[in-house]
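Below is one structure, written out as structure tokens; comments come after it.
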Amino acid sequence: MLKFLPKISLDSAMYQVVLFMAFVVPLSTAAASIAICLGIIFIICWSLKNKTCPQFDLDILEVLAVYLVCQMLIALMSLEPLISFREVLGELDRFFPLIFAMTFIKRREQLCGVLIASLLAFLINDLAGIYQYFIQGEPRAYGFTNSPTTYGPVVLMQLPILIFIAQSEIMPRLWRGISIFTACFTFIALILSMTRASWLALVAMIIIFVALNKKYRLITAKICAGLAIIFLSATFISPTLQERVSTIIDTKFQSNTERVLMWESAINIFKDYPIHGIGQEMFFKVYNEQYISPYAKERPDKNKDGHSQAHNNFLNVACEGGIIGFASFIGLYTYFFWKFFTQMTREKEFAFSAGLTAFLIISALMIEGLMNTYTNMTAIMREFWLLAGTMIAAENILKKN
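Remember, this note's numbering sits 94 above the position in the sequence shown when you count from 1.
Shown next as structure tokens:
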């Protein structure tokens, strides 16, 4: 049954999977699922044939294993275990892009290929969002995602990668130029998503970069001034954008007040279920049926299902997972924060190194998570883990050269 496998190199086959994944993850959830399934099948068949496993990073696998065991414990004690276990399986699925990318991108030309595939996907996604806003007349761009709230973080993560490509000496000059060109479209798409949390996360990401790179503060200030001029010009032209900007600090704006009420409800849920929480994907049921504030105006009715998440990553994790879930969540991301930070300190060749790129992406997501919940969004998390795995592989490759 497996006689054909000796003719196929696992590394070669899996690189093709990662290449395909890099192109489709920003564009199609279904196609990304196919890529993940193909990768799993290749690895299982190869392992059975050779009676061994590929050489994965055991430290990272151990961290992921501890996190997933905690998630399974929470699901076991969930108000509806079957729904929660299904979410745990979904989260496991989102880690495969990380494992595939960091394991099977092994050579410089492979890294370039994956970055180029990502670059092309980013450009297509950006143009789709711009087309939706200006040609189709959509009030908010959403590209190939299912909502502007998802689109904002997705395009936000593109920017550090595009800058990394633009200044990376391993990339052909043509693609470095295209990367700068694409970054301009990405910034426009980010504006048109009207996702306020992503705007604020971008500002925070720039501040973090400036704090970590004193040498490049002047050029960063010039670039930021240009971006600010573009943003202010767009705001001046667009009444919709003006209104959206004004709501950021408007304490009476309904979306803002509803968020505060949801945060209060999430804290109350955590107080009542402090150890293991209510279970993954249970916020929708518990909040709308029991804990919704009497002052909340956005309530479930015949035309509206109600809110499915707490609009704060940390509070959502705390109320659904209790102390167990919150500790495992903080532990997982603290590990990767530290991994990317130490990687960044080892890389001295570039102003925008692979470690710094990954560190900025994870920082932006954490900051965005103060106003939105993204850990249960497949499109966001698959892209994050794929980009993180690619940057881990980039360190190993650039270190050899």
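Think of the CB as a built atom: it goes at the ideal place given N, C-alpha and C, for glycine as much as any other residue.
Separation of residue j from residue i, as counted between CA atoms
i	j	result
ILE177	LEU167	14 Å
ILE264	ARG290	35 Å
MET438	PHE430	12 Å
MET299	SER457	7 Å
LEU459	PRO247	7 Å
PRO80	GLY400	Nothing about residue 80 can be read from this structure; the chain reaches only from 95 to 495.
LYS200	ILE491	6 Å
ALA126	PHE238	13 Å
SER402	LEU183	19 Å
ILE285	LYS493	36 Å
SER332	PHE228	11 Å
GLN384	VAL160	32 Å
LYS379	PHE216	35 Å
THR341	PHE347	6 Å
GLU414	GLY231	38 Å
LEU162	LEU312	44 Å
PHE325	GLY416	40 Å
ALA295	THR280	15 Å
ILE262	GLY371	Here residue 262 is Ser; the residue named in the question, Ile, does not match the sequence. Those two C-alpha atoms are separated by around 45 Å.
ASN240	VAL118	15 Å
PRO233	SER106	44 Å
PHE150	ILE193	8 Å
THR314	VAL304	7 Å
Chain-order list of residues whose beta-carbon lies under 6 Å from that of residue i (same chain, five-residue window excluded)
i	result
CYS164	ILE418, SER422
ALA412	PHE364, PHE420
ALA260	ARG270, SER273, ILE274
MET171	HIS370
Residues near residue i by beta carbon distance below 7 Å, same chain, minus five either side
i	result
PHE98	Note that PHE98 has pLDDT 48, beneath the 50 cutoff, so the model's placement of it is unreliable and the number below is only indicative. Hits under 7 Å: none found.
SER141	CYS147
THR555	For the chain, the structure presents residues 95 to 495; residue 555 sits outside this window and is missing.
LEU113	GLY207, VAL208, ALA211
LEU409	TRP357, ALA360, ILE361
PHE434	GLY449, ALA452, PHE453, ILE456
ILE302	LEU454, SER457
SER292	GLY246, PRO247, LEU250, LEU284, GLU462
ALA474	According to the sequence shown, residue 474 is Ile rather than Ala. Result list for ILE474: THR244, PRO247, VAL248, TYR468, in chain order.
MET471	THR244
LEU158	PHE189
ILE257	ALA277, PHE446
Start and end residues, alpha helix (DSSP H) containing residue i
i	result
VAL119	Unbroken run through VAL119: none, as it is neither H nor E.
THR197	175-198
LEU155	152-170
GLY449	448-462
Same chain only: Cβ atoms within 8 Å of residue i, ignoring 5 sequence neighbours per side
i	result
ILE63	Examination of residue 63 is not possible in this model, given that the chain is present from 95 through 495 alone.
LEU205	ILE199, ILE264, THR484, ALA487, ALA488, ILE491
*Quick one: which unbroken beta strand (DSSP E) runs of 3-plus residues sit fully inside the segment 201-263? Chain order, please.*
As far as the segment 201-263 is concerned, it has no whole beta strand (DSSP E) run of at least 3 residues.
*At 4 residues or longer, and completely inside the segment 280-350: list those alpha helix (DSSP H) runs for me, N to C.*
The qualifying runs are 290-306, 311-331, 333-340.
*Runs of alpha helix (DSSP H) lying entirely within the segment 466-494, each at least 4 residues, in chain order*: Secondary structure within the segment 466-494: the alpha helix (DSSP H) runs of 4 or more consecutive residues, fully enclosed, are 472-494 (chain order).
*Report yes or no: do three or more beta-carbon pairs, one from the segment 316-335 and one from the segment 346-365, lie closer than 8 Å?*
No: the two stretches stay apart, fewer than three of their Cβ pairs being nearer than 8 Å.
*Does the segment 268-280 come within contact of the segment 209-223, defined as at least 3 CB pairs closer than 8 Å?*
As far as the Cβ criterion goes, the segment 268-280 touches the segment 209-223, which means the pair count is three or higher.
*asked:* Contact between the segment 472-491 and the segment 180-193 is defined here as three or more beta-carbon pairs at a separation below 8 Å; is this criterion met?
replied: Taking 8 Å as the limit for Cβ pairs, the verdict is that the segment 180-193 does touch the segment 472-491.
*Which ranges does the alpha helix (DSSP H) cover as unbroken runs of at least 4 residues, wholly within the segment 343-423, from first to last along the chain?*
DSSP runs (the alpha helix (DSSP H)) wholly in the segment 343-423: 348-366, 377-380.
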